[in-house]
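Just so you know, we're using this note's numbering here: the sequence shown kicks off at -19 and counts up by one. Cβ atoms here follow ideal geometry from the backbone N, Cα and C, with glycine treated the same way. From a predicted model like this one, the values you see are computed outputs, not experimental measurements.
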Amino acid sequence: MRMKRGDKKGLSGIVTALILIVLVLVAAGIVWAVYYSLIKGSADEAGLSAKCLGISLSVSNLTCYTDGCGAMVIREDSSNTAFDGFEYSFVNPNKGTEYVDSSGNLAVKKMVSTIDMLSPGTGDTANATEFRMRVYFNKENGDKYYCSPIVYEKP
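Put into structure tokens, the structure is as follows:
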């Protein structure tokens, strides 16, 4: 069967143009969704990182007893930046590191403020040689964003 010259079959130019426009819009939407999620995550991380910079903590003493250890943590900044919590660990070289979560903030004072923490029986802390502490902020998705940890080694 022969086709006549005026009997063309296929897509018209308008339909082809519409399909191309829809494909371009779908591709642009995908690129925007990926870009937005990257930028949003980076902005959140940058904001939390800036909060970490305003917090100044140090440890001046680590004392161990038969039933646990205590550490003197000093907060000297005056930024009034409240964090969501902190985790700490008394490290025994024979037992490893196990962090204990403590929600809440440490008091902000220009002078020295201290907390005395006894290990809640998570291992043999009587021979702890190191104290570690890390402050965190809660992200919108519920994950924790940790600031740089402080580490104090017993002299």
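query                                                                                                                     : result
8 Å contact criterion, which Y116 and Y126 should meet: CB distance rounded                                               : 5 Å
Limits of the beta strand (DSSP E) - the one that Y126 falls within                                                       : 124 to 126
Residues that L37 bridges to, as DSSP identifies them                                                                     : R55
Contact between the stretch 58 to 71 and the stretch 107 to 115 (3+ Cβ pairs under 8 Å)                                   : yes
Chain-order list of residues whose beta-carbon lies under 8 Å from that of S83 (same chain, five-residue window excluded) : D64, G65
For Y79, the three-state DSSP class (helix, strand or coil)                                                               : coil
Simplified DSSP assignment, three categories, for G50                                                                     : strand
Cβ shell of G103 (< 7 Å), same chain only, five flanking positions each side left out                                     : Summary for G103: the model assigns pLDDT 49, below 50, so the residue's position carries little reliability; its value from the coordinates is reported in the next sentence. Here the set comprises N72, K75, E78.
According to DSSP, residues forming a beta bridge with I130                                                               : M113
Distance between Y45 and S17 (C-alpha atoms, nearest Å)                                                                   : 49 Å
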